[in-house]
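Heads up, the thing below is written out as structure tokens.
Residue numbers (my numbering): 302 to 603.
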């Protein structure tokens, strides 16, 4: 029995030496690009934690005298070999898209953009990985910089102009999905000021923000959870009790609601098209994109 135990320990040691890595780190304590530890974090919420693995591989291939295209293709092939990645492919469209909030940050346009589909317990998640030079930006060493992902479940749908709130609520009920947000509606009252009205609707659990129009008595609430029939009925009653009227946006002369629906996770792309084709009162749809940094700071390296 002792000999068997010794043999098992020896075999385990030999396997760790020959494979050269554990789940995350190699025998030298560096992050192991040859292992599948990256899959522990292969979801849109935790993807920034894959940075050390991606950087380790980019550092590894930097020793080769390869062109930018060859390095980007090698990284794509490496990602495709991971069991948690359904597919990875180089995006040839403009790779320098960033939200306006990041335009003032000291970042260099990325060297490449890779479209990735992740398998997260049978659910498909979609993101773009951006690769750029390590600071200083004249460095030949590439690192993971940002990733941009489809926010799970959210579809933003623009509704055709409506003449009543009740009509809009009927449309929402017809779709049948949860409503994460509702904007684009403008109201006013001939009997009460904005300040007086706020005392009545300001504490409602389905209103999270109030917008006003300069020089106008109109106000525009941001609603949530308006698939809830009790919330719908409460708002309609409030409109009746305090003579609140649906108005038109002063600068466009129309009322165009924008609804954020929560669709089944992993089916965002499907419902982006399906909502548009199945419901004639929906005029446009788009998935929600989020942008996250892959770096602790904008100057750190691997």
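Ideal Cβ placement from N, Cα and C applies to all residues, glycine included.
Beta carbon of residue 344, beta carbon of residue 418: below 8 Å? no
Nearest residue (CA-CA) to residue 379, options 334, 393, 522: 334
Take every Cβ of the region 442–458, pair it with every Cβ of the region 347–362, and state whether three or more of those distances are shorter than 8 Å. yes
Please confirm whether residue 564 and residue 572 have their CB atoms less than 8 Å apart. yes
Is residue 442 helix, strand or coil when you go by DSSP? coil
Cβ separation of residue 347 and residue 384, assumed to be a contact under 8 Å, to the nearest whole Å: Not a contact, Cβ separation roughly 17 Å.
Do the region 462–470 and the region 489–501 make contact, defined as three or more Cβ pairs closer than 8 Å? no
Helix, strand or coil for residue 590 per DSSP? strand
Quick check: what's the CA-CA separation for residue 538 versus residue 421? 44 Å
Through-space distance from residue 483 to residue 491, alpha-carbon basis: 24 Å
Could you give the uninterrupted runs of the beta strand (DSSP E) lying entirely in the region 445–493, keeping only those of 3 residues or more? 479–484, 487–490
The alpha helix (DSSP H) with residue 369 in it runs from where to where? 369–381
Grab the span of the beta strand (DSSP E) containing residue 349 for me, first residue to last. Careful: residue 349 lies outside any beta strand (DSSP E) and carries neither H nor E.
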